[in-house]
Amino acid sequence: MKKFIKTTIIMLSFLAPINVFAYSDYIIPGGENVGIEVKYNGVLVIGFYKIDGEYNKNDIEVGDYITHVENTEINSVDELVNNIEKFQNAGKVKLKIKRNNKEKDIVFNLSVKDNVYKTGLYIKDSISGIGTLTYIDPETKIYGALGHEIIESSTNKQVEVRTGYIYESKVSSIDRSTNGSPGTKNAKFYYNNKYGDINKNTTYGIYGNYDIASTKEPMKVAEPDEIKTGEAKILTVTSESDIKEYKINITKIDKNSKIKNIYFEITDKELLDKTGGIVQGMSGSPIIQDDKIIGAVTHVVVENVKKGYGIFITTMLTEGEREE
Numbered sequence: 008m009k010k011f012i013k014t015t016i017i018m019l020s021f022l023a024p025i026n027v028f029a030y031s032d033y034i035i036p037g038g039e040n041v042g043i044e045v046k047y048n049g050v051l052v053i054g055f056y057k058i059d060g061e062y063n064k065n066d067i068e069v070g071d072y073i074t075h076v077e078n079t080e081i082n083s084v085d086e087l088v089n090n091i092e093k094f095q096n097a098g099k100v101k102l103k104i105k106r107n108n109k110e111k112d113i114v115f116n117l118s119v120k121d122n123v124y125k126t127g128l129y130i131k132d133s134i135s136g137i138g139t140l141t142y143i144d145p146e147t148k149i150y151g152a153l154g155h156e157i158i159e160s161s162t163n164k165q166v167e168v169r170t171g172y173i174y175e176s177k178v179s180s181i182d183r184s185t186n187g188s189p190g191t192k193n194a195k196f197y198y199n200n201k202y203g204d205i206n207k208n209t210t211y212g213i214y215g216n217y218d219i220a221s222t223k224e225p226m227k228v229a230e231p232d233e234i235k236t237g238e239a240k241i242l243t244v245t246s247e248s249d250i251k252e253y254k255i256n257i258t259k260i261d262k263n264s265k266i267k268n269i270y271f272e273i274t275d276k277e278l279l280d281k282t283g284g285i286v287q288g289m290s291g292s293p294i295i296q297d298d299k300i301i302g303a304v305t306h307v308v309v310e311n312v313k314k315g316y317g318i319f320i321t322t323m324l325t326e327g328e329r330e331e
């Protein structure tokens, strides 16, 4: 009888001309912890609350973006509230929503509770978190981070970016990982020290222009054929802003997967003592082998938090050069 073991992983975009993406052969490796803030294209609906025991959905679904109130564009919760208030005496308002990249106009009926008009919607206009910088291209100043997309947890959908920035961030503590329960880095944001903007949130990471000069030496980019199983290391921060090298063992290379290309296990005793394994916030940590940057950490295996996956660095570099 064969035993099948369920494995859970989590994360820490017609015919056309062929584009040639000329990324640099040498890039600056990251490892810095970064604070991430993204503002949505519109206001995101993340849930509903009851008014007099009933929901007031009005053909709106969780995951919809509200982009206009009576033809006025809105991009914040305050703008939504202020514009709806202008029409509350009518008891209804026309909204434009975006769902699965398609726009739709709806008439939204307002509910009255204690002589106050209410929408019954839980909404938000931005998302923030932490991750790890993967690389900076010294020629184009394009950076890549995370190695996977930013997902809105309430909707489990990829976030649409209107504007966004990465900031200086220092790790204040770590909640350790245990099998079945991945931990996380806890960090402080420094909004007065902006590193760069965010102009793309894709399956292969977040990308933008890096504004801060780096004094680190560039490192050679490895092609997938150069990567082998065996010893390697990751660059990441476990305390304050100190980037350290930690040993890993690469167990498998998968050239057919989109982002789960490098299978590895943490072998570094110091890192295991600090974190218990891979923790959330490590996404984007560069993977180095034979003095070449080969990829970035993207996922942890929940049932065995010492194990994880990484994406090829060439995939991230190609995505960074791609125009939206």
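Here the working numbering is used: the first residue of the sequence shown is 8, the next is one more, and so on. Beta carbons: idealized from backbone N, C-alpha and C, even for Gly.
Item, Value
"Same chain only: Cβ atoms within 7 Å of P225, ignoring 5 sequence neighbours per side", "Y33, I34, I35, P145"
"Three-state secondary structure (DSSP) of P36", "strand"
"CB of T322 within 9 Å of CB of Y202, strictly", "no"
"Enclosing alpha helix (DSSP H) for K64 [first to last residue]", "K64 -> no alpha helix (DSSP H), and no H or E assigned at all."
"At least 3 beta-carbon pairs within less than 8 Å: the region 61 to 78 vs the region 98 to 105", "yes"
"Segment contact, 8 Å Cβ cut-off, at least three pairs: the region 207 to 221 with the region 119 to 135", "no"
"Reduced DSSP category for P6 - H, G, I as helix; E, B as strand; rest coil", "In the structure as shown, the chain begins at 8 and stops at 331. Residue 6 is therefore absent and cannot be evaluated."
"When T243, L153, K254 are compared against G327, the one with the closest alpha-carbon", "L153"
"Start-end ranges of the alpha helix (DSSP H) lying completely within the region 66 to 124, minimum 4 residues", "84 to 92"
"Identity of the residue in L279, I295, E61 nearest K314 by Cα", "L279"
"6 Å Cβ shell around G151 - same chain, five flanking residues per side excluded", "T141, Y142, G212, Y214, M323, G327"
"Given 8 Å, three or more beta-carbon pairs between the region 167 to 186 and the region 256 to 269", "no"
"Every unbroken alpha helix (DSSP H) within the region 215 to 297, with a cutoff of 4 residues, ordered by chain", "276 to 282"
"Nearest residue (CA-CA) to G54, options N65, K46, E44, N48", "N65"
"According to DSSP, residues forming a beta bridge with E159", "K164"
"Status (buried if at least 16 other CB within 10 Å, exposed otherwise) for V27", "Model confidence at V27 stands at a pLDDT of 46, short of 50, so the residue's coordinates are unreliable and nothing is read from them."
"T15 versus P189 - alpha carbon distance", "Reliability of the predicted coordinates at T15 is poor, the pLDDT of 39 falling under 50, and the value obtained from them is presented with this limitation in mind. Rounded to the nearest angstrom, the two C-alpha atoms are 11 Å apart."
"Exposure of V114, with buried meaning 16 or more beta-carbon neighbours within 10 Å", "exposed"
"Rounded distance between the beta-carbons of I241 and I255, thought under 8 Å", "6 Å"
"Endpoints, beta strand (DSSP E) assigned at I301", "299 to 308"
"Exposure label - T79; buried when at least 16 CB within 10 Å", "exposed"
"C-alpha distance - E110 paired with N89, whole-angstrom precision", "22 Å"
"L22 (DSSP reduced to helix, strand or coil)", "In this predicted model, L22 has a pLDDT of only 31, less than 50, meaning its place in the structure is not dependable; the value taken from the coordinates is given anyway. Coil."
"Stretch pair the region 44 to 51 + the region 175 to 193: three plus CB contacts closer than 8 Å", "no"
"Environment of S290 [buried if 16+ CB atoms lie within 10 Å]", "buried"
"Alpha-carbon to alpha-carbon, T139 and G38", "6 Å"
"Reduced DSSP category for L128 - H, G, I as helix; E, B as strand; rest coil", "strand"
"Buried/exposed call for Y217, threshold 16 Cβ in 10 Å", "buried"
"Straight-line Cα distance separating N82 from V166", "14 Å"
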